[in-house]
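Letter 192 of the sequence shown, counting from 1, is numbered 192 in the working numbering, and no numbers are missing.
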Amino acid sequence: MPTPLRWGLHLLVAALLALAAVRSVLDGSDGWPWVVACSALVGAVYAVGPRWSAFAGSRRGLHRWLAVLLGAWGVLLVLSPEAVYLAFPWFLLLLHLLPRAAGLVVVALTTAAAVVGFAWHQDTFTAAMVIGPVIGAAVAIATAYGYHALQAESEQRRRLIVELDRTRAELAAVQHRTGVLDERERLAREIHDTLAQGLSSIQLLLRAAGRALDPAPQVGVASQVDRAKAADLVEQARQTAQENLAEARRFVRELAPSDLEESTLPAALQRLCDTTSARTGIRVSFHDEGEAASLGTPVEVALLRIAQTALANTAQHAHASRADVTLTVMDSAVTLDVVDDGTGFDTRAPLQGSARGSAQAGFGLRSMQSRAAELGGVLTVESEPGRGTAVSAQFARAAATPSAQDVVGEDDVPSAPADEPAR
1 MPTPLRWGLH
11 LLVAALLALA
21 AVRSVLDGSD
31 GWPWVVACSA
41 LVGAVYAVGP
51 RWSAFAGSRR
61 GLHRWLAVLL
71 GAWGVLLVLS
81 PEAVYLAFPW
91 FLLLLHLLPR
101 AAGLVVVALT
111 TAAAVVGFAW
121 HQDTFTAAMV
131 IGPVIGAAVA
141 IATAYGYHAL
151 QAESEQRRRL
161 IVELDRTRAE
171 LAAVQHRTGV
181 LDERERLARE
191 IHDTLAQGLS
201 SIQLLLRAAG
211 RALDPAPQVG
221 VASQVDRAKA
231 ADLVEQARQT
241 AQENLAEARR
251 FVRELAPSDL
261 EESTLPAALQ
271 RLCDTTSART
281 GIRVSFHDEG
291 EAASLGTPVE
301 VALLRIAQTA
311 LANTAQHAHA
321 SRADVTLTVM
331 DSAVTLDVVD
341 DGTGFDTRAP
351 LQGSARGSAQ
361 AGFGLRSMQS
371 RAAELGGVLT
381 VESEPGRGTA
391 VSAQFARAAA
401 TPSAQDVVGE
411 DDVPSAPADE
421 PAR
């Protein structure tokens with residue numbers, strides 16, 4: 001039984017017991033001390049029964065408590081006709097604690113006891129003495145079983161919602177795994193059909209060039225070094241390597257954001273600020289500080305995505321009028337700062353209770369932290385209610401600098417002169 005209904009039942013029992021005791025005192029009957037004492041006894045049994053170890057903890061003990069309670073009420077019913085009103089809360093109590101069949105039987109017996117006990121105090125027996133308790137029992141039965149039906153429906157709905165959430169989570173996980181597997185299969189086919197075949201061709205060409213430079217001696221035939229053939233094979237290998245390098249760059253462009261495909265990171269950030277200003281009306285300024293440097297594609301992608309997420313949170317949740325995006329390239333680190341003058345939030349409080357406590361905002365912060373952590377960077381969020389928000393992402397310069405293989409151009413592939421063999 002829910003707490004509000006339980007306390008309502010307690011208050012009803014207390015009020016009816018007080019009514020029986022006060023009515024007997026006001027009527028001035030000779031037995032009023034017995035009525036008061038019996039009312040107190042019924043109240044004590046009702047209050048301490050479920051908490052008494054002799055009754056609580058077992059169904060048999062519960063049945064004993066109900067028997068003692070109804071017995072004490074029967075004595076009070078003999079002493080005072082007002083005790084008949086206690087039959088209604090007893091109906092609700094019995095229907096809640098006992099099984100359906102047993103509850104109906106005991107309710108019928110309690111109804112009969114209420115009719116007989118009330119008639120005991122009257123000079124004549126009338127139909128109203130029966131109709132009142134019977135209607136009270138019918139109302140109690142309808143109320144109790146209606147509540148049980150609503151509770152069962154609510155529990156079924158709760159289980160359906162839990163199952164639906166679980167099914168959605170499983171479907172999302174399956175779709176994610178399917179997408180990952182499809183992308184892996186696509187990349188595997190692309191690599192097999194281009195890079196792998198090209199590397200095999202390079203290996204065969206260089207092996208043939210090696211044989212041309214150092215032919216195996218044959219019986220009766222003088223060994224000759226064919227430098228021109230070797231140079232031609234090396235040139236073919238160089239061209240094949242150049243074509244495979246172009247294919248590798250195409251893979252990188254497909255995986256990188258379109259904003260960075262034919263542009264630098266500062267230019268992409270400037271376009272992002274301009275687009276955000278035009279779309280939201282917030283004055284967003286971009287500042288490029290430090291020396292111009294070529295950063296690795298993963299770090300550039302992470303910085304651009306962090307800036308996009310931070311500005312999206314500013315537009316959706318901060319109610320800001322101005323924001324500044326600053327890219328700083330230093331000797332030891334690369335830093336991106338996004339600062340707004342919005343409402344801010346308490347960073348010490350849980351996300352669901354903050355000003356940016358929606359599920360989208362919470363995921364945005366976690367997404368930025370995850371992107372920075374994957375590349376060894378650090379994301380810092382500073383904010384106070386009414387003081388705006390500052391998001392800072394920092395990467396070590398060594399991790400942000402592209403490797404030598406990433407910066408080799410098509411013209412950087414060395415080729416051997418036509419008149420000299422490759423060494």
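Cβ atoms here follow ideal geometry from the backbone N, Cα and C, with glycine treated the same way.
Would you tell me roughly how many angstroms separate the C-alpha atoms of residue i and residue j, rounded to the nearest one?
| i | j | result |
| --- | --- | --- |
| Val252 | Ile306 | 20 Å |
| Leu77 | Phe118 | 7 Å |
| Arg211 | Ser201 | 15 Å |
| Ala355 | Leu327 | Here Ala355 scores only 40 on pLDDT, less than 50, and its place in the model should not be relied on; the value that follows carries that caveat. Straight-line Cα distance between these residues: approximately 27 Å. |
| Ala188 | Gln175 | 20 Å |
| Ile135 | Pro385 | 60 Å |
| Val75 | Asp30 | 16 Å |
| Glu155 | Glu82 | 39 Å |
| Thr457 | Val329 | What is shown of the chain runs 1 to 423, which leaves residue 457 out entirely. |
| Phe395 | Ile282 | 28 Å |
| Arg158 | Arg23 | 48 Å |
| Val139 | Asp165 | 39 Å |
Under the assumption that residue i contacts residue j (Cβ atoms under 8 Å), give the Cβ distance between them as a whole number of angstroms.
| i | j | result |
| --- | --- | --- |
| Leu62 | Leu97 | 6 Å |
| Leu295 | Val339 | Actually they are not in contact, since the Cβ atoms of Leu295 and Val339 sit about 21 Å apart, beyond 8 Å. |
| Ala267 | Ala372 | Not quite, the Cβ-Cβ distance comes to about 22 Å (not below 8 Å), so this is no contact. |
| Glu364 | Thr309 | Here residue 364 is Gly; the residue named in the question, Glu, does not match the sequence. Contact flag correct, Cβ pair sits at about 5 Å. |
| Phe286 | Leu304 | The Cβ separation is near 12 Å, so there is no contact. |
| Thr240 | Gly290 | Their Cβ separation, rounded to whole angstroms, is 39 Å, which puts Thr240 and Gly290 out of contact at 8 Å. |
| Ser459 | Leu17 | What is shown of the chain runs 1 to 423, which leaves residue 459 out entirely. |
For residue i, which residues from the same chain have a beta carbon less than 6 Å from its beta carbon, with the 5 sequence-adjacent residues on both sides left out?
| i | result |
| --- | --- |
| Val107 | Phe91, Leu94, Ala137 |
| Asp337 | Thr326, Ser392 |
| Trp237 | The question names Trp, but residue 237 in the sequence shown is Ala. Ile202, Leu205, Leu206, listed in sequence order. |
| Lys229 | Ala212 |
| Gln352 | Only weak support exists for where Gln352 lies, its pLDDT of 45 falling under 50; the value from the coordinates is given anyway. Contacts found: none. |
In terms of residues, what are the limits of the beta strand (DSSP E) holding residue i?
| i | result |
| --- | --- |
| Leu327 | 322-329 |
| Leu336 | 333-340 |
| Ser392 | 389-396 |
In three-state DSSP terms, what is residue i?
| i | result |
| --- | --- |
| Glu384 | coil |
| Ala292 | coil |
| Phe286 | strand |
| Leu379 | strand |
| Ala355 | Low confidence applies here, because Ala355 scores a pLDDT of 40, under 50, leaving its location unreliable; read the following figure in that light. Three-state result, Ala355: coil. |
| Val75 | helix |
| Val234 | helix |
| Thr347 | coil |
| Leu17 | helix |
| His63 | helix |
| Thr124 | coil |
| Val68 | helix |
| Ser58 | coil |
In the DSSP assignment, the alpha helix (DSSP H) including residue i goes from what residue to what residue?
| i | result |
| --- | --- |
| His176 | 128-191 |
| Val116 | 100-120 |
| Ala83 | Ala83 -> no alpha helix (DSSP H), and no H or E assigned at all. |
| Ser39 | 32-48 |
| Leu272 | 265-280 |
| Ala209 | 197-213 |
| Arg305 | 297-313 |
So, for residue i: in the same chain, excluding its five sequence neighbours on each side, which residues have a beta-carbon less than 7 Å away from its beta-carbon?
| i | result |
| --- | --- |
| Val115 | Met129, Val130, Pro133 |
| Ala315 | Thr276, Thr280, Ile282 |
Ordered along the chain, which non-local residues of its own chain (more than five positions away) have a Cβ less than 8 Å from that of residue i?
| i | result |
| --- | --- |
| Thr110 | Leu70, Ala87, Trp90, Phe91, Leu94, Ala137 |
| Leu195 | Asn244, Glu247, Ala248 |
| Ala72 | Cys38, Leu41, Val42, Val45 |
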